[in-house]
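*Asks:* Let me begin by handing over the structure; questions about it come next.
There are 4 protein chains.
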Amino acid sequence: MSKKSVKRQLIIQAAIEVYSKKGFEKSSISEIAKKANVADGTIYQYFKNKEDLFFSIPIEKTIEFCEELDLHLQGITGAFNRISKFIWYYLYHLKMNPDYARTLLLEMRVNRSLVETKVYSSFKQFTGKILEILQEGQEEGVVRKDVNLYVLRQLILGVLEHAVTRWLLKGQKYDLMDYYQDINKLVVSALSCPNRIGG
Amino acid sequence: MSKKSVKRQLIIQAAIEVYSKKGFEKSSISEIAKKANVADGTIYQYFKNKEDLFFSIPIEKTIEFCEELDLHLQGITGAFNRISKFIWYYLYHLKMNPDYARTLLLEMRVNRSLVETKVYSSFKQFTGKILEILQEGQEEGVVRKDVNLYVLRQLILGVLEHAVTRWLLKGQKYDLMDYYQDINKLVVSALSCPNRIGG
Amino acid sequence: MSKKSVKRQLIIQAAIEVYSKKGFEKSSISEIAKKANVADGTIYQYFKNKEDLFFSIPIEKTIEFCEELDLHLQGITGAFNRISKFIWYYLYHLKMNPDYARTLLLEMRVNRSLVETKVYSSFKQFTGKILEILQEGQEEGVVRKDVNLYVLRQLILGVLEHAVTRWLLKGQKYDLMDYYQDINKLVVSALSCPNRIGG
Amino acid sequence: MSKKSVKRQLIIQAAIEVYSKKGFEKSSISEIAKKANVADGTIYQYFKNKEDLFFSIPIEKTIEFCEELDLHLQGITGAFNRISKFIWYYLYHLKMNPDYARTLLLEMRVNRSLVETKVYSSFKQFTGKILEILQEGQEEGVVRKDVNLYVLRQLILGVLEHAVTRWLLKGQKYDLMDYYQDINKLVVSALSCPNRIGG
DNA sequence: AATGAATGAGAATTCATTCAT
DNA sequence: AATGAATGAATTCTCATTCAT
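Protein chains in written order, with our numbering: chain A, 1 to 199; chain B, 200 to 398; chain C, 399 to 597; chain D, 598 to 796.
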């Protein structure tokens with residue numbers, strides 16, 4: 001990794017911390033610069049402008065997230081086992097990286113111009129993973145087919161995002177992982193093929 | 200309603216429209232004033248400052264939302280029937296009020312200081328409704344008891360918020376109501392007592 | 399006194415109190431109106447604008463001051479007796495009317511446009527009184543003639559204004575009258591004909 | 598002196614000129630910036646806010662004043678000789694720096710929050726000088742001891758401030774130094790030990 | 001590449017004054 | 001005469017961005 005990349009990472013890390021505390025709009029370049037121990041101007045050597053820096057965060061961090069997720073899913077078979085692991089890792093990763101969680105859920109996810117940016121494609125890589133698993137599950141015959149695949153995914157992401165967002169807004173006063181078992185149960189119930197005996 | 204209240208409503212409506220388009224931080228008082236056809240200073244006759252105006256929106260609109268929701272739930276019996284209606288009305292109301300939806304989901308819901316404001320209590324009134332229904336359902340014996348009540352609620356709100364947020368960010372290009380049936384199916388499956396025959 | 403005059407006095411009194419606390423520039427018409435229990439607009443029935451109200455204060459109050467001073471000087475003979483009484487009354491009056499004292503010394507006296515206003519002539523009436531006494535003293539042969547009459551007056555007003563200003567800025571924590579004896583001694587020494595024996 | 602200090606001095610000088618003409622409250626940052634040939638924002642690089650700039654003036658200028666006063670007093674012996682020189686230099690310095698005189702006497706000296714600021718201590722350094730001289734005079738046996746030392750000082754400062762203030766408000770149409778002889782005479786008469794022969 | 005002083009556009013907010021009622 | 005809602009000009013201050021060193 002070149003010296004340039006090192007400084008770039010320094011800036012991104014500082015930006016995550018500052019954004020996490022204040023939100024994008026209230027963060028200032030000079031605060032980020034100070035935290036990264038560089039001059040204000042230096043930031044413009046690595047990023048076109050404030051927005052560019054802002055959008056650089058999820059790209060890099062989400063790629064990392066995906067790569068690690070892949071490792072965690074390795075060797076696990078069965079759609080529901082993989083989904084459970086996905087849920088577990090999502091909660092675990094954001095629990096361990098609350099600054100990134102804040103930026104991701106309180107800033108990025110609600111950004112109006114997100115869809116038009118490169119960030120969005122890095123997100124797609126991530127959410128695409130769920131679709132894959134769900135499709136495998138349908139092929140295995142364990143995941144229901146009577147509901148749009150995208151709605152299945154919405155359920156999973158929806159409950160996870162909601163749980164983490166609430167945890168963040170409440171000041172991370174409780175252990176996010178406490179919810180894992182219950183969320184998992186609900187998701188499995190929702191996604192399983194409807195029981196025909198009772199139908 | 201007095202003339203004063205009329206002007207106040209005018210400003211709130213203009214604020215919703217502007218916030219909806221630009222987000223809170225990028226909206227300016229003078230843009231809202233222009234849209235409301237009042238002078239900049241007039242806004243400060245009705246609201247203490249920008250933040251006060253910002254937080255006045257969900258208080259009033261969420262109270263309206265709740266009142267109408269109550270009407271829609273009247274006469275419906277059975278926990279799942281009521282939950283289905285809740286889901287339907289949530290989607291329907293936000294579909295019909297996309298500007299409010301934007302402000303609610305892209306601005307309010309992720310606001311760091313939300314929890315400490317009066318807005319939060321108006322939200323609680325709304326989400327409290329779900330808890331009530333779920334508890335009734337548990338007493339009826341149709342809603343599962345093996346999962347924390349709050350996680351049940353997180354599932355419902357999570358999938359709804361995610362669905363609407365996605366719809367908003369995608370530019371409302373499709374009909375939000377198309378998802379109603381599928382979301383409803385999933386929620387019912389998730390919340391129903393686990394089928395012991397197949398267990 | 400007509401009803402109009404009553405309301406006018408009410409406003410002037412409120413203005414003195416507000417100016418005294420905040421100073422002219424930081425006082426607002428609406429604060430004065432509130433303290434006077436009238437509507438903002440009403441002030442403009444009695445005064446052309448903020449500055450007009452501002453300058454109306456010393457005119458009226460200084461005329462009152464002069465009239466009472468005259469009463470106090472009645473029947474006192476001898477230039478130094480009269481000067482002593484003047485000094486005493488100056489300190490006494492401002493001690494009893496600290497709000498007016500503030501407005502007079504911290505606002506009026508340093509106002510750039512004062513000299514061009516009607517206020518200035520009401521001041522002249524007041525300071526003219528000193529000149530009269532001093533001239534009488536010179537005719538009596540007790541007040542020195544080797545120094546410009548205006549400088550004699552400057553000495554008296556200077557020490558009085560300085561003493562009162564200091565008292566005001568220090569928060570009126572001590573009794574202004576405590577200084578009367580010493581100030582009087584010094585002024586008498588300064589103004590007396592130089593002792594030729596020691597010359 | 599670094600380039601930074603140069604620009605800082607430029608701003609202070611511009612501020613003195615503008616304050617001198619309009620007074621603190623009516624002066625605007627952008628007018629000062631224009632006169633100093635810098636951008637509005639530049640002022641905030643050197644001063645925390647408008648008030649900080651305001652209070653920076655007397656600190657620096659009064660320190661200069663004191664240093665020069667010290668030089669002028671060097672080698673002069675005898676309390677009254679030193680007091681005369683003090684009076685002379687006070688009048689001379691303010692005559693030569695009328696913008697500073699305005700700021701000092703029409704703005705600073707009547708400022709309500711002055712006492713709580715750092716400025717006040719720079720003033721104390723200045724007025725402390727008089728006390729020193731007066732005490733020496735008492736030890737020499739030439740300055741009267743029957744009057745509070747602080748009142749003696751009040752007399753000196755009072756007459757000087759009054760004389761200069763009047764000169765400023767009258768538009769500096771006459772030569773301030775014309776008053777030096779008379780003021781000096783009066784002050785000496787006031788401060789001298791009372792002549793016991795005539796007592 | 002790195003710096004950080006300088007910039008100046010832009011935003012929130014205040015408040016004297018007006019005027020329809 | 002009295003009101004007080006409405007106005008909008010003016011002001012302070014912030015901060016992303018640039019550029020000479």
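Backbone N, C-alpha and C define an ideal beta-carbon position, used for all residues, glycine too. Quantities reported herein were computed from a predicted structural model and do not represent experimental measurements.
Excluding five sequence neighbours on each side, which residues of the same chain lie with their C-beta closer than 7 angstroms to the C-beta of H271(B)?
*Replies:* On the second sequence, residue 271(B) is found 72 positions in, with the first residue counted as 1. Same-chain partners within the cutoff: K284 and Y288.
*Asks:* Which class does V341(B) belong to by DSSP, given the choice of helix, strand or coil?
*Replies:* Numbered from 1 along the second sequence, position 142 holds the residue referred to as residue 341(B). V341(B) falls in the coil class under three-state DSSP.
*Asks:* Can you list the residues of chain D that I581(C) reaches, using a CB-CB cut of under 7 angstroms?
*Replies:* In the third sequence, counting from the first residue as 1, residue 581(C) sits at position 183. Chain D residues near I581(C): V748.
*Asks:* When you compare each of N148(A), Q45(A) and F54(A) to S5(A) by their alpha carbons, which one comes out closest?
*Replies:* By 1-based counting over the first sequence, the position of residue 5(A) is 5. Looking at the Cα atoms, Q45(A) is the closest of the given residues.
*Asks:* For K448(C), which option in E465(C), D544(C), A413(C) and G535(C) has the closest C-alpha, if you only look at C-alpha atoms?
*Replies:* Along the third sequence, one-based indexing puts residue 448(C) at 50. Among E465(C), D544(C), A413(C) and G535(C), the Cα nearest to that of K448(C) is on A413(C).
*Asks:* Any Cβ of chain C within less than 7 angstroms of the Cβ of E648(D)?
*Replies:* For the purposes of this step, residue 648(D) is taken as the residue at position 51 of the fourth sequence. Chain C, which has no Cβ nearer than 7 angstroms to the Cβ of E648(D), makes this no.
*Asks:* So H361(B) and L157(A) are in contact, right, with Cβ under 8 angstroms, and what is the actual spacing, rounded?
*Replies:* Along the second sequence, read from residue 1 onward, the residue named residue 361(B) stands at position 162. Along the first sequence, read from residue 1 onward, the residue named residue 157(A) stands at position 157. Going by Cβ atoms, the distance from H361(B) to L157(A) rounds to 6 angstroms, so yes, they are a contact pair.
*Asks:* Which bits of chain A does A362(B) rub up against, with CB to CB less than 8 angstroms?
*Replies:* Sequence index remark: in the second sequence, residue 362(B) carries index 163 (1-based). Per Cβ cutoff of 8 angstroms: V151, Q154 and G158.
*Asks:* Note the first and the last residue of the continuous alpha helix (DSSP H) segment covering K85(A).
*Replies:* Here residue 85(A) refers to the residue found at position 85 when the first sequence is read from its first residue. Per DSSP, K85(A) belongs to the alpha helix (DSSP H) from A79 to M96.
*Asks:* Can I730(D) and A676(D) be called in contact, C-beta distance under 7 angstroms?
*Replies:* Translated into the one-based positions of the fourth sequence, residue 730(D) becomes position 133. Translated into the one-based positions of the fourth sequence, residue 676(D) becomes position 79. It is a contact, given that the beta carbons lie within the stated cut-off.
*Asks:* Do you know offhand how far L155(A)'s Cα is from L10(A)'s?
*Replies:* To locate residue 155(A), count along the first sequence from 1; it is residue 155. To locate residue 10(A), count along the first sequence from 1; it is residue 10. Roughly 36 angstroms between the two C-alpha positions.
*Asks:* Among L114(A), R102(A) and E116(A), which has the Cα closest to the Cα of V309(B)?
*Replies:* Along the second sequence, one-based indexing puts residue 309(B) at 110. Nearest C-alpha to V309(B): R102(A).
*Asks:* When you compare the CB of E25(A) with every CB in chain B, is at least one pair closer than 7 angstroms?
*Replies:* For the purposes of this step, residue 25(A) is taken as the residue at position 25 of the first sequence. For E25(A), the answer is yes, since a Cβ of chain B falls inside 7 angstroms of its Cβ.
*Asks:* From the DSSP output, which residues share a beta bridge with S391(B)?
*Replies:* In the second sequence, residue 391(B) corresponds to position 192, counting from 1. Per DSSP, V342(B).
*Asks:* Give me the Cβ distance between R311(B) and G23(A), rounded to the nearest whole Å; I'm assuming they're in contact under 8 angstroms.
*Replies:* If you number the second sequence from 1, residue 311(B) lands on position 112. If you number the first sequence from 1, residue 23(A) lands on position 23. That pair is a contact at about 6 angstroms.
*Asks:* Applying the 10 Å Cβ sphere with the 16-neighbour rule, what's the burial state of E259(B)?
*Replies:* As a first step, residue 259(B) is located in the second sequence; it is residue number 60 there, counting from the start. Result: exposed.
*Asks:* Using the beta-carbon of each residue, which ones in chain D are nearer than 7 angstroms to F592(C)?
*Replies:* As a working note, residue 592(C) is residue 194 in the third sequence. It should be noted that the sequence gives Pro, not Phe, for residue 592(C). Residues of chain D passing the Cβ test: S786.
*Asks:* From the beta carbon of Y572(C), is the nearest beta carbon of chain D less than 7 angstroms away?
*Replies:* For this step, residue 572(C) is matched to residue 174 along the third sequence. Not one chain D Cβ lies under 7 angstroms of Y572(C).
*Asks:* Quick one: is V540(C) near chain D, going by C-beta distance under 7 angstroms?
*Replies:* Translated into positions along the third sequence, residue 540(C) becomes position 142. By this cut-off, V540(C) is not an interface position.
*Asks:* Might you give, ordered along the chain, the residues of its own chain that have their beta carbon closer than 7 angstroms to the beta carbon of D438(C), omitting 5 neighbours on each side?
*Replies:* As a first step, residue 438(C) must be located in the third sequence, where it is residue number 40. Around D438(C): I427, S428 and A431.
*Asks:* Put V756(D) into one of helix, strand or coil per three-state DSSP.
*Replies:* As a working mapping, residue 756(D) is identified with position 159 in the fourth sequence. V756(D) falls in the helix class under three-state DSSP.
*Asks:* Would you kindly report the start and end of the unbroken alpha helix (DSSP H) that includes Y46(A)?
*Replies:* Taking the first residue of the first sequence as position 1, residue 46(A) is located at position 46. Run containing Y46(A): D40 to Y46, per the alpha helix (DSSP H) assignment.
*Asks:* Secondary structure at M598(D), three-state DSSP: helix, strand or coil?
*Replies:* Within the fourth sequence, residue 598(D) is the residue found at index 1, counting from 1. Reliability of the predicted coordinates at M598(D) is poor, the pLDDT of 44 falling under 50, and no value is obtained from them.
*Asks:* Please list the partners that N745(D) has in chain C, where partner means a Cβ-to-Cβ separation under 8 angstroms.
*Replies:* Counting from 1 along the fourth sequence, the entry for residue 745(D) is found at position 148. By Cβ distance, chain C contributes Y577 and D580.
*Asks:* In the structure shown, what three-state DSSP assignment does F253(B) receive?
*Replies:* Counting from 1 along the second sequence, the entry for residue 253(B) is found at position 54. If DSSP states are grouped into helix, strand and coil, F253(B) belongs with the helices.
*Asks:* For the alpha helix (DSSP H) that K571(C) lies in, which residues bound it at each end?
*Replies:* Locating residue 571(C) in the third sequence gives position 173, counting from the first residue. It is not in any alpha helix (DSSP H) - K571(C) carries neither H nor E in the DSSP assignment.
*Asks:* State the DSSP-derived secondary structure class of K34(A), mapped to helix, strand or coil.
*Replies:* Walking along the first sequence from the start, residue 34(A) turns up at place 34. Helix.
*Asks:* Helix, strand or coil, according to DSSP, for F463(C) in the structure here?
*Replies:* If you number the third sequence from 1, residue 463(C) lands on position 65. DSSP places F463(C) in helix when its eight states are reduced to three.
*Asks:* Can you list, in chain order, the residues of the stretch 523 to 535 of chain C whose Cβ is nearer than 8 angstroms to any Cβ on chain D?
*Replies:* Here the close residues number zero.
*Asks:* Between P257(B) and V318(B), which are expected to be in contact by the criterion C-beta below 8 angstroms, what is the C-beta distance as a whole number of angstroms?
*Replies:* As a first step, residue 257(B) must be located in the second sequence, where it is residue number 58. As a first step, residue 318(B) must be located in the second sequence, where it is residue number 119. That pair is a contact at about 5 angstroms.
*Asks:* Using only CA atoms, which one of Y548(C), K527(C) and P496(C) lies nearest to E415(C)?
*Replies:* Sequence index remark: in the third sequence, residue 415(C) carries index 17 (1-based). Nearest of Y548(C), K527(C) and P496(C) to E415(C), Cα basis: P496(C).
*Asks:* Check whether chain C comes within 7 angstroms of V712(D), counting only Cβ atoms and requiring the distance to be less than that.
*Replies:* Here residue 712(D) refers to the residue found at position 115 when the fourth sequence is read from its first residue. For V712(D), the answer is yes, since a Cβ of chain C falls inside 7 angstroms of its Cβ.
*Asks:* Short check: CB of L304(B) to CB of T364(B), under 7 angstroms?
*Replies:* Residue 304(B) sits at position 105 when you count from the first residue of the second sequence. Residue 364(B) sits at position 165 when you count from the first residue of the second sequence. Yes, the pair counts as a contact, with Cβ atoms nearer than the cut-off.
*Asks:* List, in chain order, every chain C residue whose beta-carbon is nearer than 7 angstroms to that of L766(D).
*Replies:* Within the fourth sequence, the letter at position 169 stands for residue 766(D). Under the 7 angstroms cutoff, chain C gives L512 and V513.
*Asks:* Can L773(D) and K692(D) be called in contact, C-beta distance under 7 angstroms?
*Replies:* Along the fourth sequence, read from residue 1 onward, the residue named residue 773(D) stands at position 176. Along the fourth sequence, read from residue 1 onward, the residue named residue 692(D) stands at position 95. Cβ atoms of L773(D) and K692(D): closer than 7 angstroms.
*Asks:* Counting only Cβ-Cβ distances shorter than 9 angstroms, please list the residues of the stretch 91 to 106 of chain A near chain B, keeping chain order.
*Replies:* So the close ones are R102, L105 and L106.
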